[in-house]
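Be aware that the sequence shown starts at 21, since it is given in this note's numbering, and climbs by one per residue.
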Amino acid sequence: MFKRVAALLLTALCGAMCQQPGSNGQGQTADVLRVNDQLVISASEVPGMSDKPFRIEPDGTITLPLVGKVRAEGLTIEQFRKELIEQFKIYVRNPVVTVQPVQTVLAQNGDTIVVSGAFRNPGIHPLPSRRSLLYVVSEVGGLQPNAGAIIKVLRRPEKGRIPLPSALEDPVSKMSTATINFNRLMENPAAAENILIEPNDILTAEPAGSVFLTGEVLRPGAVALTDRESIGLTELVSQAGGFTRDAAPEKAKILRQILNGSKRAEIPVDIRSILDGHAFDFAVQANDIVVIPRRRGGGAAVRTALMWVAPVAMSAVVYSLVRN
C-alpha cells in the first residue's frame, strides 16, 4: 500500500515539475506583457489595424484606433486579445483580432524588419540584406512630422550585439538595444551611428516629447521637442513670450515624472537668477511641467496648472501641493 501511494505521489510530482515555467499546460506560453514589448495586432473591419506593430507605452497601455488607450501590461497575450475583442465590439460586429509578438512575426516572414512608432509607413518591410540605417529609413518612407530625434533599434541575440558603445542588452529578452539620435546622424551620415540594419531588426521612431509651460507667461502651452531631447529654460520662456507682470520666476517649479510612474518630483528653480546670469541654465526634458507662479497666491497657480495638463494622472501631486 505504501509503495502504491508513493508511486502516485511521485507521478504527480513529476507532472508538476515537468510542465515548463510560464506555460498554461497546453503548449502556449503564459508570459505576461510588459512595458516596451512590441506586438503585431490585426483587427477585422478596423481602419489602421491590419498587421500593424504597436508598442506598450511607459504607462502600460497601447493606443489603438477607435478605442484609444487599452491596458496591456501584466496581461498574457491571450488575455489582451480577449480584452481587445470586447473593446472593438462597441464599434465593430464580431471583430476578429489577432495578437502576436513582433519576434514571432519576424520569424514567420523571413528576411524582414519591423518599423513602428512615428515612421510614415509602420509595419513589416522586406530587408533581404544588411543596409545602413539612413537607407532603411528612406526606404520605409521616412519619419512623420511629429517624430522626435530618437530612433531605437532592437536586435535578436543570435544576431550579436549592435556595434555601438552605447548599446545595451535587455535583461529579459536578451535583445541588443541601441538609442540613436537621428537628427545628429542626418548632419553627419558618416557617423558610427549609421549602423547596418540586419534582417529581423526592430526599429522604433519615438514621437517628439513635449514640455508644458504654464502659469504667469504670456503664451502658456506645450512646446514640442521635435529636433532635440531637451530645451533650456531661457529659450522656453522666450518662446512663451516672456513673463506677465505678476510672475514670480524666482519661485518657479519643474514637475518631473519619476520612473515612468504617475508621481512627479518637484524641483524648485530660480529662473530670475538664470536670466540675470547668476546661475546656469536648466535643461527641461520631455514631459516636464514648468510652472511660473504668481507673485502672490502661487499655490493656486500651481494647482490650476496641474489640472490643466493632466487632471487624472496628477491627482496625487495636486493633493501634495495643496497639502503643503
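Where a beta carbon is used, it is the ideal one built from N, C-alpha and C, also for glycine.
Short of 6 Å in beta carbon distance, which residues of its chain neighbour residue i, apart from the five on each side in sequence? Order them along the chain.
i: Val117; result: Ala63, Arg101, Leu104, Ile105
i: Gly161; result: Arg140, Asn141
i: Ala272; result: Val289, Ile291, Ile312
i: Ala242; result: Ser230, Phe232
i: Val125; result: Val60
i: Gln120; result: Val60
i: Asn201; result: Ala169
i: Thr264; result: Glu236
Does DSSP put residue i in a helix, in a strand, or in coil?
i: Asn141; result: coil
i: Pro146; result: strand
i: Asn203; result: helix
i: Ser186; result: coil
i: Leu216; result: strand
i: Gly47; result: The predicted position of Gly47 is uncertain, since its pLDDT is 35 and thus under 50; no value can be drawn from it.
i: Pro121; result: strand
i: Thr246; result: coil
i: Thr224; result: strand
i: Arg316; result: coil
i: Ser158; result: helix
i: Ile110; result: coil
i: Leu86; result: coil
i: Thr254; result: helix
i: Ala267; result: strand
i: Arg175; result: strand
i: Leu95; result: coil
i: Ser293; result: helix
i: Arg181; result: coil
i: Arg101; result: helix
i: Gly68; result: coil
i: Ala299; result: coil
i: Cys34; result: Because Cys34 sits at a pLDDT of 42, beneath the cut-off of 50, its placement in the model cannot be relied upon, and the following sentence gives the value as read from the coordinates. Three-state result, Cys34: helix.
i: Gly168; result: strand
i: Ala210; result: coil
i: Gly80; result: coil
On the DSSP bridge list, what partners appear for residue i?
i: Gly261; result: Its beta-bridge partners do not exist; DSSP assigns none.
i: Val192; result: DSSP output for Val192 lists no bridge partner at all.
i: Arg54; result: Note: Arg54 sits in no beta bridge, so no partner.
i: Glu286; result: Leu275
i: Val311; result: Thr234, Lys273
i: Arg75; result: Gln58
i: Val134; result: Ile144, Ile222
i: Gln128; result: Note: Gln128 sits in no beta bridge, so no partner.
i: Val304; result: Ile251
i: Gly241; result: Leu233
i: Leu153; result: Paired residues: none, contrary to the question.
Ignore the nearest five residues each way along the sequence and tell me which others in residue i's own chain have a CB closer than 8 Å to its CB.
i: Ile278; result: Arg284, Ala285
i: Ala187; result: Arg181, Ser196, Thr197, Ala198
i: Leu53; result: Leu59, Ile76, Ala92, Glu93, Gly94, Leu95, Thr96, Ile97, Phe100
i: Ala244; result: Asn166, Ala228, Gly229, Ser230
i: Ile294; result: Leu253, Thr254, Phe300, Asp301, Phe302
i: Leu205; result: Leu153, Leu154, Ala211, Glu213, Asn214
i: Ser258; result: none
i: Gly262; result: Val237, Leu238
i: Arg150; result: Leu216, Ile217, Glu218, Pro219
i: Glu270; result: Asp290, Ile291, Arg292, Ser293
Report, in whole angstroms, the separation of the C-beta atoms of residue i and residue j, which I expect to be a contact under 8 Å.
i: Leu153; j: Ile222; result: The pair is not a contact, with the Cβ atoms about 13 Å apart (cut-off 8 Å).
i: Val122; j: Ile217; result: Wrong, their Cβ atoms sit about 15 Å apart, outside the cutoff.
i: Pro73; j: Pro85; result: Contact flag wrong, Cβ pair sits at about 14 Å.
i: Ala225; j: Pro240; result: Not confirmed; about 29 Å, so no contact.
i: Ile309; j: Leu275; result: 4 Å
i: Leu147; j: Pro191; result: About 27 Å; that fails the 8 Å criterion.
i: Pro115; j: Glu65; result: 7 Å
i: Ala138; j: Leu163; result: 6 Å
i: Ile144; j: Asn129; result: 6 Å
Among residues of its own chain, excluding the 5 on either side of residue i, which ones have a beta-carbon nearer than 7 Å to its beta-carbon?
i: Val90; result: Thr81, Ile82, Leu84, Glu103, Leu104, Gln107
i: Asn56; result: Arg75, Ile76
i: Pro183; result: Ile215
i: Thr246; result: Gly168, Ala228
i: Ser158; result: none
i: Glu189; result: Ser196
Determine, using beta carbons only, whether residue i comes closer than 8 Å to chain C.
i: Arg91; result: In the displayed structure, chain C is absent; only one protein chain is listed.
Is it true that the region 133 to 146 meets the region 201 to 212, where meeting means three or more beta-carbon pairs spaced less than 8 Å apart? no
Mind the definition here: the region 285 to 303 touches the region 249 to 257 only if three or more C-beta pairs lie below 8 Å; say whether that holds. yes
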